[in-house]
Structures are given as C-alpha cells and as structure tokens.
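A short worksheet on the structure shown next.
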Amino acid sequence: MLASENGMGSIGHIAGVDEAGRGPLAGPVVAAAVILPEAHDIIGLDDSKKLSAKRRAELETQIRAKCTFGVGIASAQEIDAINILQATMLAMTRAVDALPDVPYSVLVDGNRLPDWPYSAEAVVGGDALHPCISAASIIAKETRDAMMLEAAEAHPHYGWKRNKGYGTAEHMAALRAYGPTPHHRRSFAPVAQLSLI
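Here this note's numbering is used: the first residue of the sequence shown is 57, the next is one more, and so on.
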C-alpha cells in the first residue's frame, strides 16, 4: 500500500511544499514543507492567497500544533547572489531538509523542482489542489509576513507592515527618498535603477 497525502500507508509520508515572497522588492523568500497527520481535522485548508488574514492566522496555529513542518529561508543577499529562482529552490530544499523525518515523496507547488534527492512532483496550482501544499503555503506566507513586520520596526518608512516588501507606490516613494536597506533585493530592477540615481 502506497503512502497517502495524509500520511497513511506503510511506506511513509508525503510532504507538501510552497513558497512566499518571490515578487517583493525587499525581504527573504520563505518556503515551508508540511506533512499532514493521519485523519487530520484541520478544516478549510486552501491557497493562502485566497484566505483572509484572520483565517490564515487561525489555520497557521492549527498547522503548527498538529503537523510536522519545516521552514526554509533564502535572504535578500542570497537572492541577489544566485537569482530569485535559484533562491526559491534553495529555500524549498532547506524547508524539506528541516523536516524531522525524510518524506517518502514531496509535492511542490509550481512547475519546477529543486535539484534534490527526494522523490517529488511539481503540481501547477497545487496550493489549491493538495491540502499538504495548502498548509505549506499558509506557513510560508505567515512566516514571511511576520519577518517583514519585524523588519518594519527598524525601517518604518517603507510601509512593510502594509505591503510586506512589494513595490507599492508608498514603498517606491520611500525608496526614492531614503534609498535601499539591507533587506532590499538590489538585483531587482526597481531597486537597482534607484541605486544608480
């Protein structure tokens, strides 16, 4: 009998993996890997982007309490050094490596897989199709949002409490006025162009 997404079966567990933060101008890219327990009772798992902030926070609490998970982070400096795609793959690898047990298989949201030793499948739109990937998307987003809220305390001008590092008008105006911080991705065009002014 093969393993199921919920961890049932005689071989092992399936981990869902997703990331948050590929598009922002500031902050890390964060990935999470989640293994759902057998017969879990977590209701309402879905793509984190489809959930309200309140519902995401509620689900995050349940996932952290009831599931096995790992988090992987690639910093803005790593993004600049190896590009956002490779940094995303690195964060995903770190997330799965952080699991206490090696998963039987891994389901990754998207159309690309890291170069890793795990048996894995890329699933386009997987965060809306597989509950384990949905759970990973929630952990990744909530973890990254918390990191950006913390960074906002030291750098209040950029509006990160509201935009989480995305290139909003408020963020761009602050970049022009104050320049980039250590959290900014200097390889991203809007930041690189401002750095040349």
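All C-beta atoms in this analysis are idealised placements derived from N, C-alpha and C, irrespective of residue type, glycine included.
Where residue i falls: helix, strand or coil (DSSP)
i	result
L250	helix
T256	Past the boundaries of the shown model lies residue 256; the chain is included only from 57 to 253, so the question cannot be answered.
V90	strand
A154	coil
A130	strand
S108	coil
I98	coil
D136	helix
H211	coil
D103	coil
Y234	helix
Which residues DSSP lists as bridging residue i, in chain order
i	result
H240	A82
E254	Residue 254 lies beyond the stretch modelled for the chain, which goes from 57 to 253, so this question has no answer here.
S70	At residue 70 the sequence reads Ile, which differs from the Ser that was named. Paired residues: S161.
T124	I91
Exposure label - residue i; buried when at least 16 CB within 10 Å
i	result
T117	exposed
L107	buried
K220	buried
D171	exposed
L141	exposed
G83	buried
P156	exposed
I253	A caution first: I253 carries a pLDDT of 47, below 50, which makes its placement in the model too unreliable to give a value.
G79	exposed
L81	buried
I99	exposed
P236	buried
G181	exposed
Quick one: which unbroken beta strand (DSSP E) runs of 3-plus residues sit fully inside the stretch 163 to 193? Chain order, please.
176 to 179
Would you say the stretch 193 to 210 touches the stretch 123 to 132, given that touching needs at least three Cβ pairs under 8 angstroms?
yes
Contact between the stretch 171 to 189 and the stretch 204 to 212: three or more CB pairs below 8 angstroms?
no
Tell me, please, whether the stretch 134 to 148 touches the stretch 229 to 247 by the rule of three or more beta-carbon pairs shorter than 8 angstroms.
yes
Pairs of beta-carbons, one from the stretch 93 to 109 and one from the stretch 211 to 220, closer than 8 angstroms: are there three or more?
no
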